[in-house]
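Following: one structure in structure tokens, then a few remarks.
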Amino acid sequence: MARRLTPGRTILWILVAAAALISGVRYARGLGAVTRLSDRFPWGLWVGFDVLCGVALAAGGFTMAATVYVLHNERYRPLLRPAIVTGFLGYLLVIAALLVDLGRPYRIWHPLIMWNPHSVMFEVAWCVMLYTLVLALEFGIMVLERLGWTTLLSIARASLPPLVVAGVILSTLHQSSLGSLFLIVPGKLHPLWYTPLLPVLFFLSAVAVGPAMVTVEAALSARAFRRPLEFPLLADLGRAMAVVLTLYLGVRVVDLVLRDALSLATPRTVEGTLFWVEMAVGVILPLILLALPVALRPGTVVTAAALVVSGVVLNRLNVAITGMWAGSGATYVPSWMEVTVTLGIVSAGVLAYLWIAEHLPVFVERSEEYAGG
Amino acid sequence: MALTRRQFLHLAAASAVGVTVLSPTRPATARRRAAPAVGVLVDVARCVGCRSCEMACKRYHGFPERESSDLGPTAWTYIRVRPLRQPRSHLNLGDAGADRRTYKVQCMHCLEPACASACPVAALRKTPEGPVVYDASRCLGCRYCMLACPFQVPRFEWDRPLPRIQKCNLCAERLARGEPPACVEACPMRALQVGPREAILAEAARRIAESPDRYVPAIYGAEEAGGTSWLYVSDVPFEELGFPVVVREPLPAYTWKALGKVPTLVIVIGATLSALEFFLRRRINLNGGGH
Ligand code: SF4
Ligand code: SF4
Ligand code: SF4
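Protein chains in written order, with this note's numbering: chain P, 1125 to 1497; chain A, 81 to 371.
Written out as structure tokens, the structure reads:
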């Protein structure tokens, strides 16, 4: 059944090709030729969506790895590998997006030798590089299994627990430091989003979106690969989501009240409206859905998870783009070329995921793995 | 391939720096305030808008000599024109210049620059002498410096395949030779004045004290973003002239509060997770690998 060129995949391939073409134009004629970015608005869709959301949506990898390898909660093992694959792909795509967005992409490695440890970006750079390495090793185990290289495999498996701990530390650090990036713009980011607690909020929402992404993916791959949905697991994930979301809501509200910013959340301003959409879609609705008795049905949990995912996307876009409109004195709306590159990068991710799911033991869990660790 | 001795020394130095900087202290820039750094005074009341400074900057740095209406990659400074709501007689032009004010805009050369603290590779750096300088050979083009700057100064070469950041460098090469910045030298009205920052601050305060009916009692840049090397005095309130309202606290401190917690976080999370992993594994093994 592998490598059928269905209409869906054709569209994905076209988007990838279009993104590649536009990137070509960017390398030939500069970022100004393809983006609407400007001196007053230097970061746009590629940072706001491709990087911030890309990293957040890859959070399933570290939350699942922590659950299975650190908390030894074996029940979740069937969900672990798909989450690691998505996490790994997510990071590779973030790097791909950076290679288009950076002015001098061939120097992406410079932070390795040119240090400014007072820079949040420096910390982000190191965390992304190290965590991609950790994910690559976790992913490598699947490749080794497929190739059947048993000696290497047992070495790799033995090194997993410390790797996972390192991965969790790295994730915590830079999920939150993506929020810290914006701590330096108190005068530019709208007070509905600017708070000293940005790193905490970014971290909490990443933890909430981890199980949400895993749920959405499980539902999608269940359909794509005609596998049964492991509902009891999903129900547990839903409960975990609800707990983290409640915590997030609490911190967010207390913070808004203490900073006296709640009065700004009137739907009469663009920012106020966006704030309410973000909170309703990403936090309030999913919490209601998960609290209702219908939460016992798979459809409800999957819907709630999809809402949480959209809510985190909205939040990151609000922080990086719409929340910066007023303070920067520039209105930025991405060009169609920026949107196409973003769609192309997402498409590449989906295609890669499909290929991996068909060729590597993602959904197969052999019992000897646990024995090896 | 073995490391050369030089590479080894580099690495050794880098790791030593790593150890010291990762300890939770304030950024090193905080100490710079004590150093005798340069300051430049812009007297908005004296400026007649002749653009001599703008042209001198372009000539000195080899940029095309066209008038600019904004900062740009080849416009490190420009003269901003602000119409006044209430006409006010101009110090040098009298009633002829009463309907507007003109003033010079450029990088403020913050004492604790947000741009330099933001840059992951230290391409931007505050020199002890005062200028905030840029090293294009390090820059990734991530544009975090542009986002971070509270005065919206750094410019980017949007139309180049391999762009650089561009901004006023306070004529660092000229200062090093003991010469004034090109723009300061060019001003016919002596609206620009360079000297040690302390002396320049005192001069600004003196002008305000001497003509309290003319100058507004504020020195822009004295405390903005923790203080800047460029300082402004004016006979029209700065808000009316469209100067950005900027927090008083040095901006690097905002991120540093979060960043300073990183080493503690690493240790605490690492220890907690390892302990959890160890005890939970032991419990499972004691229970015979069961549930
Ligand atoms: S004004 Fe902006 S660019 Fe200039 S030193 Fe300050 S932060 Fe940096
Ligand atoms: S664009 Fe260049 S100078 Fe600015 S922060 Fe990034 S690497 Fe540093
Ligand atoms: S100090 Fe030098 S670089 Fe800066 S505006 Fe003046 S002439 Fe231009």
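Even glycine gets a Cβ: it sits at the ideal position worked out from N, Cα and C.
On a predicted model such as this, the values are computed, not experimentally measured, just so you know.
- A straight line joining the alpha-carbon of Leu1261 (chain P) with that of Ile1279 (chain P) spans about 11 Å.
- Under the Cβ criterion of 8 Å, Phe323 (chain A) is not counted among the residues facing chain P.
- Partner residues in the beta bridge of Tyr300 (chain A), as assigned by DSSP, are A:Tyr312.
- Where Asp123 (chain A) is concerned, the enclosing beta strand (DSSP E) starts and stops at 118 to 123.
- Annotation for Leu1322 (chain P): Gly1303, Ser1304, Phe1306, Leu1307 place their beta carbon closer than 7 Å to its own, counting only its chain and skipping 5 residues before and after.
- Annotation: Cβ neighbours of Ala1157 (chain P) in chain A (cutoff 9 Å, chain order): Trp238, Asp239.
- Contact of Arg223 (chain A) with chain P is assigned, a C-beta pair being separated by under 8 Å.
- Non-local beta-carbon contacts of Val201 (chain A) in its own chain, meaning distances under 8 Å to residues more than five positions away in sequence, involve Arg218, Cys219, Leu220 in chain order.
- The set of residues whose C-beta lies within less than 5 Å of a heavy atom of ligand 3 reads, in chain order, A:Cys137, A:Trp156, A:Thr157, A:Gln186, A:Cys248, A:Leu250, A:Cys251, A:Pro261, A:Ala262, A:Cys263.
- With respect to the C-alpha of Val120 (chain A), the residue from A:Ala279, A:Leu242, A:Leu356, A:Leu353 having the closest C-alpha is A:Ala279.
- With contacts defined as CB atoms closer than 8 Å, Gly1148 (chain P) and Asp239 (chain A) fail to qualify as a contacting pair.
- Distances from the CB of Phe231 (chain A) to the heavy atoms of ligand 1 include at least one below 7 Å.
- Between Leu1386 (chain P) and Ala1332 (chain P) a beta carbon distance of about 22 Å is seen, past the 8 Å cut, so the two are scored as non-contacting.
- When only Cα atoms are considered, Arg1201 (chain P) and Ala1190 (chain P) end up about 11 Å apart.
- Counting C-beta atoms within 10 angstroms of its own C-beta, Trp1250 (chain P) has 16 or more neighbours from the protein chains shown and is therefore classed as buried.
- Pairing Tyr295 (chain A) with Lys247 (chain A) gives a Cβ-Cβ distance that is not under 8 Å.
- Straight across, the Cα-Cα distance linking Ala117 (chain A) with Lys138 (chain A) is about 25 Å.
- In this structure, Met188 (chain A) has its beta carbon less than 7 Å from a heavy atom of ligand 1.
- Pairing Pro268 (chain A) with Cys130 (chain A) gives a Cβ-Cβ distance under 8 Å.
- Neighbours of Val346 (chain A) across chain P, judged by C-beta separation under 8 Å: Ile1293, Leu1297.
- Put simply, the region 1166 to 1182 of chain P does not touch the region 1480 to 1488 of chain P. Fewer than three CB pairs are less than 8 Å apart.
- For Ser1162 (chain P), the secondary structure class from DSSP, reduced to helix, strand or coil, is strand.
- In this structure, Leu1222 (chain P) has its beta carbon at no less than 7 Å from each heavy atom of ligand 2.
- Taken in chain order, the members of the region 1135 to 1153 of chain P whose beta-carbon sits within less than 9 Å of a beta-carbon on chain A are Arg1150, Tyr1151, Ala1152, Arg1153.
- Unbroken beta strand (DSSP E) stretches of 3 residues or longer found wholly inside the region 1157 to 1214 of chain P: none.
- When P:Phe1263, P:Val1443, P:Trp1317 are compared, the shortest CA-CA separation from Tyr1477 (chain P) is found for P:Phe1263.
- Contact annotation: Leu1325 (chain P) and Arg1376 (chain P) have beta-carbon atoms nearer than 8 Å.
- Remark: C-beta atoms of Glu134 (chain A) and Ile159 (chain A) approach each other more closely than 8 Å.
- Taken through DSSP and simplified to helix, strand or coil, Thr1134 (chain P) comes out as helix.
- Interface with chain A (8 Å Cβ-Cβ cutoff): Ala1280 (chain P) is excluded.
- From the listed residues P:Tyr1372, P:Leu1416, P:Ala1450, P:Leu1287, the smallest Cα separation to Gly1396 (chain P) is found for P:Ala1450.
- Residue range 1409 to 1415 is occupied by the alpha helix (DSSP H) that includes Pro1410 (chain P).
- Runs of the alpha helix (DSSP H) lying entirely within the region 1450 to 1496 of chain P, each at least 4 residues long, are 1460 to 1483, 1491 to 1496 in chain order.
- Val212 (chain A) is a Cβ neighbour of Cys195 (chain A), given a cutoff of 8 Å.
- In the DSSP assignment, Arg1281 (chain P) falls within the alpha helix (DSSP H) that extends over 1274 to 1282.
- Ile1445 (chain P) and Gly1172 (chain P) do touch by the CB rule: their CB atoms are close to 5 Å apart, below 8 Å.
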